[in-house]
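Notes to accompany the following structure.
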Amino acid sequence: MNLLQKFEGVTVTADARITETDRHFCLAHQAAYDNAKDSLQELLCFWEDAQNQQAELLAGTDTPPSFYIGSRGNISLSKEDILNQISSRHSLFIGQLVSFFNKTYHLSLSIAEIEHSLIPDKPDDRWTDDYEDRVKAYTEAMQTLSVRYTDVLDQIFLYTDGRELSDQALHELKEKCHRAAWNASNGQAKFTQKKCTLLLTGYACHYQDMYGGGRWELVLSTSDILRGIAHFETGDCSNIPLSIGNIIGSYNLSHNVYEFYDCQKALSLKLYKNNRVDIKFSTEEYAWQFVSEYLGDIC
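So for the sequence shown, the working numbering puts the first residue at 20; every next one is plus one.
Following this line, the structure appears as structure tokens:
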């Protein structure tokens, strides 16, 4: 099997792991990304030709060649601008794809890490003897680089350790719940279960006295656990019950007790001034199941 056949095999495997909607998005951006290079190179030729003609016509007048085609800020364009855009489209392309998969599958893929894997690093040590040579090599590499959407997918699937994207979302959610429930420094649980109630005994909320009342705020770890409860309730990372979603998205809670009126497994949440949060389930079995599947029994 030659190199091209191997590459085609990888492409088919990667495409088989995304939906038709995903593939359509990737192909659309791939086409636009590729076309942008051709269009920008044509623009560069046109711009340089226009400047050369202006320079010839204005020769001997002490007038810059950009006087009629780029003065007064009406058109901000230069050879450097166009070449920089050709180079910057790589990160734009990767960012669009990774953001799409993050949003679609509720992932937390790092755009910067994937860019680092696919795009050459820009030289940063100006005081080395070979700095100018390295900059030249970097510039040439960025001008000739061609990122394929399958390259981005390969990096995404490396990150997921081979999991399907929908499975990765749940894996990340449970990892966040686990981190929220355990103290990483001493391995101690920051929760206890008492029959139907899950007690978050760490710093789970904050209360601030204010004129005419007070304001409650959930810490990030508690919001992560509530997202886990939402998935436990619906089985879908994108389907958060309204009663839970309203609490997660608020930084200014006016009450300390909230009923989960649109849930069956989780019933309510109660906040305390000593930073404790209680989450009550409809049965002791549901409470135990959530602790077992989302919080874990060891750190």
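Built from N, CA and C at the ideal position, the CB exists for glycine as well.
None of the values given here were measured: they were computed from a predicted structure.
Exercise for the section: Would you kindly check if the distance between the Cβ of Ile101 and the Cβ of Leu59 is under 8 Å? Expected result: Position 40 of the sequence shown, counted from the first residue, corresponds to residue 59. Position 82 of the sequence shown, counted from the first residue, corresponds to residue 101. Cβ atoms of Leu59 and Ile101: closer than 8 Å.
Exercise for the section: Note down, one range per segment and in chain order, each alpha helix (DSSP H) of at least 4 residues found wholly within the region 257-297. Expected result: 261-267
Problem - Separation of Thr163 from Gly79, as counted between CA atoms - result: The residue given as residue 79 occupies position 60 in the sequence shown. The residue given as residue 163 occupies position 144 in the sequence shown. Their backbone Cα atoms lie some 38 Å apart in a straight line.
Problem - Straight-line gap, Glu75 to Asp81 (C-alpha atoms, nearest Å) - result: As a working note, residue 75 is residue 56 in the sequence shown. As a working note, residue 81 is residue 62 in the sequence shown. The alpha-carbon atoms of Glu75 and Asp81 are separated by roughly 12 Å.
Handout entry: Buried versus exposed, by CB contacts within 10 Å (16 or more), Trp201
Key = Residue numbering aside, residue 201 sits at position 182 when the sequence shown is read from its first letter. Its Cβ being crowded by 16 or more others within 10 Å, Trp201 is buried.
Problem - Distance between Glu191 and Cys224 (C-alpha atoms, nearest Å) - result: Residue mapping note: residue 224 aligns to position 205 of the sequence shown, counting from 1. Residue mapping note: residue 191 aligns to position 172 of the sequence shown, counting from 1. Roughly 23 Å separates the two Cα atoms.
Exercise for the section: Using three-state DSSP, classify Glu236 as helix, strand or coil. Expected result: Indexing the sequence shown from 1 puts residue 236 at position 217. Residue state, collapsed to three classes: strand.
Problem - Per DSSP, the bridge partner or partners of Asp34 - result: Position 15 of the sequence shown holds residue 34. None; Asp34 has no bridge partner.
Exercise for the section: Tell me whether Thr216 sits in a helix, a strand or coil according to DSSP, three-state version. Expected result: One-based indexing of the sequence shown puts residue 216 at position 197. Thr216 falls in the strand class under three-state DSSP.
Problem - The alpha helix (DSSP H) enclosing Gln227, as first and last residue numbers - result: Here the question's residue 227 lines up with position 208 in the sequence shown. Counting along the chain, Gln227 falls outside any alpha helix (DSSP H), though it belongs to the beta strand (DSSP E) covering Cys224 to Met229.
Handout entry: His48, enclosing alpha helix (DSSP H) - first and last residue
Key = Reading the sequence shown from its first residue, position 29 is the one you call residue 48. Taken as a continuous stretch (DSSP letters only), the alpha helix (DSSP H) holding His48 covers Glu39 to Leu76.
Exercise for the section: Tell me, please, whether the region 150-166 touches the region 209-228 by the rule of three or more beta-carbon pairs shorter than 8 Å. Expected result: no
Problem - Beta-ladder partner(s) of Ala208, from DSSP - result: Taking the first residue of the sequence shown as 1, we reach residue 208 at position 189. Answer by DSSP bridge pairing, in chain order: Trp201.
Problem - N- and C-terminal bounds of the alpha helix (DSSP H) containing Trp146 - result: The residue given as residue 146 occupies position 127 in the sequence shown. Note, Trp146: premise wrong, no alpha helix (DSSP H); not H, not E.
Practice task
Please confirm whether Arg36 and Glu132 have their CB atoms less than 8 Å apart.
Solution key: Along the sequence shown, one-based indexing puts residue 36 at 17. Along the sequence shown, one-based indexing puts residue 132 at 113. No, the Cβ-Cβ distance between Arg36 and Glu132 is not below 8 Å.
Problem - Buried versus exposed, by CB contacts within 10 Å (16 or more), Val276 - result: The residue given as residue 276 occupies position 257 in the sequence shown. The residue in question, Val276, is exposed, as its Cβ has fewer than 16 Cβ neighbours within 10 Å.
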